[in-house]
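Numbering (the working numbering), first residue to last: 189 to 399. Every residue gets a Cβ at the ideal spot worked out from N, C-alpha and C, and that includes glycine.
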């Protein structure tokens, strides 16, 4: 009987995990498609294909659900990127690959979902208060993942931390322009400038490539 109970319990846990993931994925989809104002719990419930009772069993409010959905998607994405093992060996090639990977994160669904919440929080005090802890955690994930992209040796070079923040801030701003004009992000002209900046900071002092 104990064995049967364990099997039943594991089955219930797996179904619960799948249902929760369905809801989180649906929340991000609706948030990106319909914006914050259109991302109602009813709309998310329909997208997820679950009952209202099941949705409310996991999340008591719309904001709680939307924030959890963005965090879930971002954490999954950054975890996948941080597990990458085929980084180039040469420093210049590693920098180029790191910048490309950084920029790619700003084309992901989690970024646009996060921006929807940022903009909505300007007029919703409760959302802003609930969002702050998430953004601090996302900021930590971005910094840690960026450090992984560049690798330990480059991340220890003087000026790296400031360069990392400048690149992420610049990329966030440029990414927002894609909301108005869809184009091939891999051909963005800023990529050359970002890579040049990273090389001048990380390689210039050691290999004389700056200036």
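Cβ-Cβ distances below 6 Å link residue 362 to 378 in the same chain, with the five nearest sequence neighbours on each side left out; the list follows chain order.
In this structure, residue 311 keeps its C-beta atom at 8 Å or more from the C-beta atom of residue 251. Residue 301 is a Cβ neighbour of residue 216, given a cutoff of 8 Å. The beta-carbon distance between residue 266 and residue 309, rounded to whole angstroms, is 22 Å. This is too long to meet the 8 Å contact definition. In terms of Cα proximity to residue 283, the closest of 221, 321, 212 and 355 is 355. Note that the C-beta distance between residue 305 and residue 224 is below 8 Å. Note that the region 202-212 touches the region 237-250; at least 3 beta-carbon pairs, one per stretch, sit closer than 8 Å.
Here residue 257 has 212, 215 and 216 as same chain residues with Cβ atoms under 6 Å from its own Cβ, once five neighbours each way along the sequence are excluded.
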